[in-house]
Amino acid sequence: MKNSLLTGSLNFASLSQGTPVVLLGVAYTHLKTTDGGDLFLTAYGASFWEHLRPDNWFNREWFEQKRERLVGTATVYKVPTQPVRDASLDLVVKWSRIGEDVPVDTVTLDQFVNAEFNSPFEEFSLVMEMRSGAYGSRQIRILAQKPLAIYVPAQRLQLWQTGRSQDKIAAKLRQHPSVELDILRQYIVIYGWIKGYDLVQAAARLALKSSEREAFLREHTDRVTGELEAKGYQVMDMKPAHVIVRFKPDGSLMKGRDGRVACALVDYELMTRTPDHEADVRFRHRRHYLQHITRRAPGAELPPIPSHLALVNLLGVDYLVGRAESTGGWLWVAGRDAELFDYFLPERWRRTPHIRLSCGSLIYCTRTKDNILLVWKVSRMGEFPQRTDRSSLAETIRDHGYNSPFEEFAWTRELAAAGLPVVNPRAIYMTSQQVSPRPETVDRRRYEQFQSLRTSENEPILRPDHEYLTIWGYWNGPDELFTSPSAPAHYPLNAEWALHRKLITETTLVELLDGTRRKLLAAGFLDGNLKPDHLLLSLTADKHLVVDPSGLPEARLCNFELVRKNVPLGEFAIF
């Protein structure tokens with residue numbers, strides 16, 4: 305069913321009308337199709353942009369007549385393009401399985417317990433990295449397909465077309481209500497065709513007997529696996545069908561300069577770096593991130609802003625905003641440093657293992673694929689605060705409602721400027737998946753108040769039919785502390801946990817809460833629901849609390865849902 309969709313032609317006269325985009329280190333030219341789809345051409349694909357126009361290979365009649373289904377569990381075809389200036393191009397087109405369960409055997413699952421399919425952009429990034437050969441032995445070269453393009457059709461599938469169980473999807477959403485599932489969006493990765501035969505086909509052509517066949521398959525599969533490992537990569541479902549060889553006219557196998565059979569690797573959706581290579585990359589990414597995240601001097605030289613991102617100022621906060629192309633959502637990264645944008649793309653943190661930090665709210669801590677600790681929260685904007693009491697405080701909280709993510713970030717910046725310790729706001733992500741809240745449960749005031757704020761596509765930045773996630777720095781000490789690999793370890797805990805662990809007394813807790821309220825008032829703010837778990841303390845490796853100059857534990861405000869600006873003190877006399 306995935307291949308039955310019609311596609312529009314590209315609405316441009318030449319490649320020059322495309323938009324340059326850099327995603328996860330790979331440069332693309334982004335082109336729009338007339339039906340609203342997206343085509344991302346790599347440097348390899350740009351030369352063949354006319355061949356790769358979807359109407360030259362994906363229109364229904366041509367595709368169904370010319371396609372050849374390739375062996376494997378994925379939906380993958382070989383298809384020629386329609387001729388352009390009398391020349392045709394053989395393509396391998398494959399539907400990405402991002403978000404689906406990995407059908408691997410028990411042995412593989414034991415080895416790769418957290419196996420998941422790469423997103424299309426992660427897959428291309430890894431293949432480009434591997435083709436460059438920068439890591440590992442310079443004597444080894446891995447032959448691989450050329451990644452040409454990623455095509456994202458405009459049409460969204462119905463659930464029955466995805467091949468996924470509706471009950472299974474509902475169960476996943478119940479378990480992880482804050483995680484966006486890409487269940488309806490299609491991604492088609494397009495590679496150049498490599499001539500030849502896979503090892504299974506080659507063994508049949510060589511008419512090898514059973515024992516010879518097994519030895520042939522094992523020898524060449526193990527050799528490619530070993531070479532991959534030497535170059536810093538591994539394929540979780542490595543099999544003979546993933547290795548391509550060629551025959552010479554005399555019927556013998558083609559060999560390389562080293563005298564061994566020339567082998568090429570295909571199928572990269574479950575390719576990862578080896579642990580040592582991954583640790584090296586994560587260390588470099590984390591160091592690069594921290595060097596940029598701490599570069600706050602007003603006169604600091606910043607990299608130019610690429611054309612696929614825009615610099616906007618919302619409620620006094622600068623953001624770099626752009627599409628999260630892997631999901632179709634929107635991403636606002638606080639600040640003006642374009643080199644930080646990729647670190648907050650949802651595929652870098654959305655499916656990494658996470659720990660829930662609150663029983664009452666959807667707040668999670670995760671270590672991203674770039675080895676960065678982040679905290680992400682599902683915004684409660686649009687909900688009515690629920691309180692069982694009928695006090696004036698409860699009415700005031702309900703009258704105010706939950707802040708929008710952009711208000712939270714704006715108030716955080718103002719409080720930090722006023723000297724109140726706060727956690728660091730990093731990014732705001734709007735999911736692409738639409739939700740359908742019941743009208744009577746939606747507090748529409750924020751959506752109406754900020755309806756004039758628009759995206760570059762003239763859509764409201766605040767929409768009641770989408771979910772918003774705020775991303776924050778994981779506080780365990782100043783950012784500057786961790787630019788050095790030998791930095792001392794600090795551990796965060798909120799004031800409520802500190803009280804339960806007898807690290808502070810009830811008297812100290814009251815002093816911390818009262819001190820935070822006074823600082824909020826001095827800055828022109830109030831918190832409608834300040835609680836002990838809204839204050840973060842920092843613990844050293846030897847279990848001592850970090851203290852401020854007054855001798856009290858340094859407390860850092862980490863919740864801004866009900867922080868309110870310019871509220872008279874009398875309204876909250878209950879405190």
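Just so it is clear: in the sequence shown, position 304 is 608 by our numbering, and no numbers are missing.
Don't be surprised by glycine CBs; every beta carbon is placed ideally from N, CA and C.
Could you tell me which of the options sits nearest to residue i, measuring between CA atoms?
i    : options                   : result
H770 : L830, T631, A507 and A638 : T631
G329 : Q690, P836, H612 and D646 : D646
L661 : N762, V682, E810 and R564 : V682
L619 : F520, R652 and Q753       : Q753
N360 : A331, T346 and L395       : L395
S888 : R730, P725 and H612       : The requested residue 888 is not part of the displayed model; the chain covers only 305 to 879.
I775 : L830, R654, G828 and Y455 : R654
A826 : Y751, H794, P836 and L719 : L719
A350 : V325, T670 and V547       : V325
K543 : K823, F425 and H524       : H524
I446 : D405, R527 and V380       : R527
G437 : I701, H581, A722 and F688 : H581
Please report how far the alpha carbon of residue i lies from the alpha carbon of residue j, in whole angstroms.
i    : j    : result
G639 : V621 : 8 Å
G536 : P451 : 19 Å
C663 : Y772 : 19 Å
R627 : E427 : 19 Å
V388 : V570 : 26 Å
L677 : Y778 : 6 Å
E531 : L319 : 37 Å
A508 : V383 : 24 Å
V679 : R442 : 39 Å
V616 : L624 : 6 Å
A378 : R401 : 8 Å
V397 : F864 : 46 Å
D554 : I609 : 55 Å
V549 : L649 : 37 Å
T578 : C567 : 20 Å
Q386 : E605 : 48 Å
R749 : I732 : 20 Å
F421 : E372 : 23 Å
L356 : V746 : 44 Å
R522 : G563 : 18 Å
S429 : A331 : 10 Å
E858 : T529 : 52 Å
K869 : G832 : 10 Å
G705 : R822 : 22 Å
C862 : I667 : 11 Å
T598 : M734 : 25 Å
F367 : A458 : 18 Å
Flag this pair as yes or no: are the beta carbons of residue i and residue j separated by less than 9 Å?
i    : j    : result
L803 : T820 : no
Y572 : V375 : no
L327 : F344 : yes
L839 : L816 : yes
G496 : L335 : no
D674 : R730 : no
P853 : E800 : no
L807 : L856 : no
S423 : E643 : no
My understanding is that residue i touches residue j, with C-beta atoms under 8 Å, so please give their C-beta distance in whole angstroms.
i    : j    : result
A867 : W636 : Before going further, note that residue 867 is Val rather than Ala in the sequence given. 19 Å between Cβ atoms; not a contact.
L841 : L813 : The pair is not a contact, with the Cβ atoms about 10 Å apart (cut-off 8 Å).
P764 : G686 : With a Cβ gap of about 13 Å, P764 and G686 do not count as contacting.
G633 : S736 : 4 Å
V727 : R590 : Between R590 and V727 the Cβ distance is about 19 Å, and since that is not below 8 Å, they are no contact.
G341 : P358 : 7 Å
L503 : V539 : That belief does not hold up - the Cβ atoms of L503 and V539 are roughly 14 Å apart, past 8 Å.
I492 : Y439 : No, I492 and Y439 are not in contact; Cβ-Cβ is about 28 Å, not under 8 Å.
Could you give the residue range of the beta strand (DSSP E) that holds residue i?
i    : result
A331 : V330 to K336
P358 : P358 -> no beta strand (DSSP E), and no H or E assigned at all.
S842 : L839 to T844
T346 : Taken as a continuous stretch (DSSP letters only), T346 belongs to no beta strand (DSSP E), as it is neither H nor E.
Q505 : Element bounds for Q505: not the beta strand (DSSP E) but the alpha helix (DSSP H), L503 to R509.
G626 : V621 to A628
P324 : T323 to L327
P889 : Because the chain here runs from 305 to 879, residue 889 falls outside it and cannot be looked at.
L678 : L677 to V682
Go to residue i, then tell me how far its alpha helix (DSSP H) extends in each direction, as first and last residue.
i    : result
V406 : First-last for V406: undefined, no H or E at that position.
D584 : P579 to I597
H770 : Neither: H770 is in no alpha helix (DSSP H) and is coded neither H nor E.
F428 : P424 to S436
L520 : A small correction: the amino acid at residue 520 is Phe; Leu does not occupy that position in the sequence shown. S514 to A534 is the extent of the alpha helix (DSSP H) around F520.
H804 : A799 to H804
Y751 : R749 to Q753
P709 : P709 to A721
T820 : E810 to A826
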